[in-house]
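Peer 1:
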Amino acid sequence: MEFQLTEDQRALQQAARKYAREVVRPKAAHYDETATFPRDLLQTAFELGLLNMAIPAEYGGVGLSHLDQTIVAEELSWGCAGVATSIIANDLANLPIILHGTEEQKQRLLGHFAERLKFSSFCLTEPEAGSDVASMQTTARREGDEYVINGAKCFITNGGHAEQYTVFATVDKAKKHKGITCFVVEGRPKGLTVSKHENKMGQRASDTVSLTFEDVRVPVKNRIGEEGQGFAVAMATLDNSRPLTAMFSVGIARAALEHSMEYASQRKTFGKPIIEHQAIQFMIADMAMNTHAARMLTYESAWLLDQGQRNTLQSSYAKCFAADMAMKVATDAVQVYGGYGYIKEYPVEKLMRDAKLIQVYEGTSQVQRLVIARELFK
Amino acid sequence: MFSSLQETPPARRSQAVKILVTAKRVEDPESKIKVKPDGTGIVQEGLKYKINPFDEIGVEEGLRLIAKHDPKGEVVVVSIGGKEVQEQLRHALAMGAHRAVWVNHTGPLDQLAIAGLIQKVTEKEKPDLVILGKQSIDDDQNQVGQYLAEFLGWGQATFASKVESLESEAEKNKVPAVTLTADGKAVRVVREVDNGLATVECQLPAVVTTDLRLNQPRYASLPGIMKAKSKPIEELTPAKLGVDVTPTIQVLKLSSPPARKAGIKVPDVATLVDKLHNEAKVV
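In order, the protein sequence lines correspond to chains V and W.
If you want our numbering, it's the position in the first sequence, counting the first as 1, plus 1.
For the second sequence, position 280 (counting from the first letter as 1) is numbered 275 according to our numbering, and the numbering increases by one without interruption.
Spelled out as structure tokens, the structure:
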């Protein structure tokens, strides 16, 4: 067992930390307040290779290992979880191609992401089907060498700015999850429209939209895997991306911890800095302990993937524990700040709003527990 | 132990521009520095390290000069220390430096020894320009660049605020492409001095030390970090370079600065002026 980061990993961490501290943090409050798309921050992320770090080097990406990616993810989210989500959305959308695409598809559909700033979106969730993926209503009908897609998707990250969409649709609703199939829609074809930009509680720098598909035509060569394999593709993608989402929680919690330590050392009540009150010390100790526990769980879930092992159980442990932990730690940070914590001029209320989303997206905390229980009783 | 002033500068390569830059490993300025209770040094446990910020500016300037004057040119980065300084060398390589020289030495070094080692590396590499940070944020000496120029017998331009050109103005107007020769080529440097800026021109080869306002160092990109893994690091030692590094200076003791007395808050300007006048006696 080895718990030390390698020299390369420390270099990646430093690079991501510098980006988060110097590029993201100064503008995080602005993008949170205005809920506008942080294109300038993402342009810099692209130039630094942060945007497509999961794409293998042979297709122009950085090709980081899963563990490397989680190390970077913590730093990004420490800067701003909304910006981090915008960055990772590309990797999430490209994972099905990386994991299940043919060589030809990888060359054609991944290669151009290295050339310029370009976004792709992962389109799974629907208004009536989030956790319950199998009741998906979006349909794909084959017509010759094309599929015709009809339906609606919601809560799609980067959807309003994307130039490529990884879309899940069913070729036969009666078959439930065995009818689900994965497609890549290139560009913004006729019939694909952005219907609504969501006004979110947190992670407001990330663009979240609803999409409608009206007779959108996709060539058969853009089908990832076979018909009916879409559910497996989606689940494998989430096994891969869950450690990153878990690490977003760790980044938020670390930010909350650091702010709390700094504030508690300065703020005085009853004649001494509040850090000298044992009640506050215990809160901070719990914040630090749980943040680190989540980090270790997440490292393990990413390490398993790097070893080529299935990590469904561990990645659900990590995602569930980390998300719930971040919500608690961020709430406690607001508490440590007292009245100031509730004010937008101070940095912790944003963390509380941002953390909440991690208990919801990419599998709610309840669904993670379902997965854990299912794995345990297998 | 150090060669005296040389009559003629060492011969320079006449093809590509070559710039030698330094990358000292220093404590991260954001870490909390504590002196050991016995005063023998600082507590190293839990400290983070990085490349000296002024050296990082030097690496950036080297890369910019190469990009501007000779894309085929080369930036070579040198660092002195134990195995751990490879981390700082890799950082410079990730920024874009082409290769690295690692002088493997653990133990204390004074400024003369450091300059002596860099002198030998310089004589071996024969660069057109050596760029160092004006000072390292750990020892705060601000000496190595000046010693080095002295040992080499080269011109020096310290506290560079802006390096304008690798060539003299006349030369620049004559030929757009750079083919550096030993004569007629110079580096023009705007220096930060006490009361403003001073512009000097040094014949190449020369030594330049960087000040804070010279440039904004680029970030190491992820692809840059991955590429840096395969760039070569040459290992040398003081013995191989023929430099005696026995310190001529001995640190007797380190201690924390005296703790300052807690201040007071005054209720109004009148009290402030009264206290400044009667207690502090400064007005």
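A virtual CB, placed ideally from N, CA and C, is assigned to each residue, including glycine.
Just list the beta strand (DSSP E) runs in the stretch 3 to 46 of chain W, keeping only unbroken ones of 3 residues or longer that don't cross its boundaries, in chain order.
Peer 2: 13 to 17, 20 to 22 and 44 to 46
Peer 1: Let me check understanding here. Comparing Cα to Cα, which of Y166/V, H198/V and I150/V lies closest to G192/V?
Peer 2: For this step, residue 192/V is matched to residue 191 along the first sequence. With distances taken between Cα atoms, G192/V lies closest to I150/V.
Peer 1: Would you tell me roughly how many angstroms separate the C-alpha atoms of L111/V and G50/V, rounded to the nearest one?
Peer 2: Here residue 111/V corresponds to residue number 110 of the first sequence, with the count starting at 1. Here residue 50/V corresponds to residue number 49 of the first sequence, with the count starting at 1. Taking the straight line joining both Cα atoms gives about 14 Å.
Peer 1: What ranges does the beta strand (DSSP E) occupy inside the stretch 100 to 161 of chain V, keeping only unbroken runs of at least 3 residues that lie completely in it?
Peer 2: 120 to 124, 140 to 144 and 147 to 158
Peer 1: Curious, which full-length alpha helix (DSSP H) runs of at least 4 residues does the stretch 52 to 85 of chain V contain?
Peer 2: 67 to 80
Peer 1: Within the same chain, show all residues whose beta-carbon is closer than 8 Å to that of Y44/W, passing over the 5 residues directly before and after it, in chain order.
Peer 2: Along the second sequence, read from residue 1 onward, the residue named residue 44/W stands at position 49. Cβ within range, chain order: R20, V21, E22, D23, E79, E82 and Q83.
Peer 1: Taking three-plus beta-carbon pairs below 8 Å as touching, is the stretch 217 to 224 of chain V in contact with the stretch 48 to 64 of chain V?
Peer 2: Counting Cβ pairs under 8 Å, fewer than three are found: no touch.
Peer 1: What residues in the stretch 334 to 355 of chain V have a beta carbon less than 9 Å from any beta carbon of chain W?
Peer 2: Of all residues in the stretch 334 to 355 of chain V, none has a Cβ within less than 9 Å of some Cβ in chain W.
Peer 1: In the DSSP output, which residue or residues are listed as bridge partners for H198/V?
Peer 2: By 1-based counting over the first sequence, the position of residue 198/V is 197. V210/V, per the DSSP bridge assignment.
Peer 1: Using C-beta distances below 7 Å, list every residue in its chain close to T174/W, excluding the 5 sequence neighbours before and after it, in chain order.
Peer 2: Indexing the second sequence from 1 puts residue 174/W at position 179. The predicted model places T174/W with a pLDDT of 33, which falls under 50 and marks its position as unreliable, so this point remains unresolved.
Peer 1: How about the stretch 215 to 226 of chain W and the stretch 87 to 95 of chain W: do they share at least three Cβ pairs that are nearer than 8 Å?
Peer 2: yes
Peer 1: So L125/V and A235/V are supposed to be a Cβ contact under 8 Å. How far apart are they, rounded?
Peer 2: Here the question's residue 125/V lines up with position 124 in the first sequence. Here the question's residue 235/V lines up with position 234 in the first sequence. Correct: roughly 6 Å between the Cβ atoms.
Peer 1: What residue does the beta strand (DSSP E) around G339/V start on, and which one ends it?
Peer 2: Position 338 of the first sequence, counted from the start, is the residue given in the question as residue 339/V. First-last for G339/V: undefined, no H or E at that position.
Peer 1: Can you tell me which of the three DSSP states N210/W falls into?
Peer 2: Residue 210/W sits at position 215 when you count from the first residue of the second sequence. Here DSSP, grouped into helix, strand and coil, assigns N210/W to coil.
Peer 1: Identify the contact partners of L49/V in chain W, using a Cβ-Cβ distance below 7 Å as the criterion.
Peer 2: Here residue 49/V refers to the residue found at position 48 of the first sequence. Y214, S216 and L217, listed in chain order.
Peer 1: For E274/W, which three-state DSSP category applies?
Peer 2: Locating residue 274/W in the second sequence gives position 279, counting from the first residue. In this structure, E274/W counts as coil in the three-state DSSP scheme.
Peer 1: Are the C-beta atoms of L65/V and some chain W residue less than 9 Å apart?
Peer 2: As a first step, residue 65/V is located in the first sequence; it is residue number 64 there, counting from the start. It does: the Cβ of L65/V has a partner Cβ on chain W nearer than 9 Å.
Peer 1: Which whole-angstrom value describes the C-beta separation of P128/V and H260/V, a residue pair presumed to lie in contact below a C-beta threshold of 8 Å?
Peer 2: As a working mapping, residue 128/V is identified with position 127 in the first sequence. As a working mapping, residue 260/V is identified with position 259 in the first sequence. P128/V to H260/V, Cβ: 37 Å. No contact.
Peer 1: Just list the residues that DSSP pairs V157/W with in beta bridges.
Peer 2: On the second sequence, residue 157/W is found 162 positions in, with the first residue counted as 1. For clarity, residue 157/W is Lys in the given sequence; the question names Val instead. Answer is V185/W.
Peer 1: Near V290/W, what residues of its chain come up, given a Cβ to Cβ distance below 7 Å and the 5 sequence neighbours on each side ignored?
Peer 2: Past the boundaries of the shown model lies residue 290/W; chain W is included only from -4 to 278, so the question cannot be answered.
Peer 1: List in chain order: all unbroken alpha helix (DSSP H) runs of 4+ residues lying wholly within the stretch 84 to 162 of chain W.
Peer 2: 106 to 120 and 139 to 147
Peer 1: Anything in chain V within Cβ reach of H86/W, meaning under 8 Å, just list it in chain order.
Peer 2: Indexing the second sequence from 1 puts residue 86/W at position 91. Correct list: A12 and Q15.
Peer 1: Going by DSSP, what residue range makes up the alpha helix (DSSP H) through Q10/V?
Peer 2: On the first sequence, position 9 is the one that residue 10/V refers to. That run of the alpha helix (DSSP H) goes E8 to K19.
Peer 1: Can you name the start and end residues of the beta strand (DSSP E) that F184/V belongs to?
Peer 2: Locating residue 184/V in the first sequence gives position 183, where the first residue counts as 1. Per DSSP, F184/V belongs to the beta strand (DSSP E) from I181 to E187.
Peer 1: Spatial neighbours of K284/W within its chain, please: C-beta separation below 7 Å, excluding the five flanking residues on both sides.
Peer 2: The structure shown does not extend to residue 284/W, since chain W spans only -4 to 278, so no value can be given for it.
Peer 1: Just how far apart, CA to CA, sit S207/V and I253/V?
Peer 2: Along the first sequence, one-based indexing puts residue 207/V at 206. Along the first sequence, one-based indexing puts residue 253/V at 252. Each residue's alpha carbon lies about 15 Å from the other.
Peer 1: With 9 Å set as the bound, which would you pick, yes or no: does the beta-carbon of K19/V sit closer than that to a beta-carbon of chain W?
Peer 2: Here residue 19/V is taken as the residue at index 18 of the first sequence, counted from 1. Yes, contact with chain W.
Peer 1: Give the secondary structure of A170/V by DSSP, where H, G and I count as helix, E and B as strand, and everything else as coil.
Peer 2: Against the first sequence, residue 170/V aligns to sequence position 169. A170/V: strand per DSSP, three-state reduction.
Peer 1: Indicate the three-state DSSP secondary structure (helix, strand or coil) for V219/V in the structure shown.
Peer 2: Position 218 of the first sequence, counted from the start, is the residue given in the question as residue 219/V. Strand at V219/V.
Peer 1: Are V125/W and W149/W close, meaning C-beta to C-beta below 9 Å?
Peer 2: In the second sequence, residue 125/W corresponds to position 130, counting from 1. In the second sequence, residue 149/W corresponds to position 154, counting from 1. In contact: V125/W and W149/W (Cβ atoms closer than 9 Å).
Peer 1: At the 9 Å Cβ level, is E82/W part of the contact set with chain V, yes or no?
Peer 2: As a working note, residue 82/W is residue 87 in the second sequence. Closer than 9 Å to some Cβ of chain V, the Cβ of E82/W qualifies, so yes.
Peer 1: Give the secondary structure of E82/W by DSSP, where H, G and I count as helix, E and B as strand, and everything else as coil.
Peer 2: Here residue 82/W is taken as the residue at index 87 of the second sequence, counted from 1. E82/W falls in the helix class under three-state DSSP.
Peer 1: Under 7 Å, CB to CB, which of the residues in the stretch 218 to 234 of chain W have a partner in chain V?
Peer 2: P218, I220, M221 and K224
Peer 1: Indicate whether the contact test is met: 3 or more Cβ pairs, each with one atom in the stretch 58 to 65 of chain W and one in the stretch 23 to 41 of chain W, closer than 8 Å.
Peer 2: no
Peer 1: What residues match up with L195/W in a beta bridge as DSSP calls it?
Peer 2: The residue given as residue 195/W occupies position 200 in the second sequence. Inspection of the sequence shows that residue 195/W is occupied by Val rather than by Leu. According to DSSP, V195/W bridges with V184/W.
Peer 1: When the Cα of S131/W is compared with those of E51/W, K119/W, T117/W and L147/W, which residue comes out closest?
Peer 2: Against the second sequence, residue 131/W aligns to sequence position 136. Looking at the Cα atoms, E51/W is the closest of the given residues.
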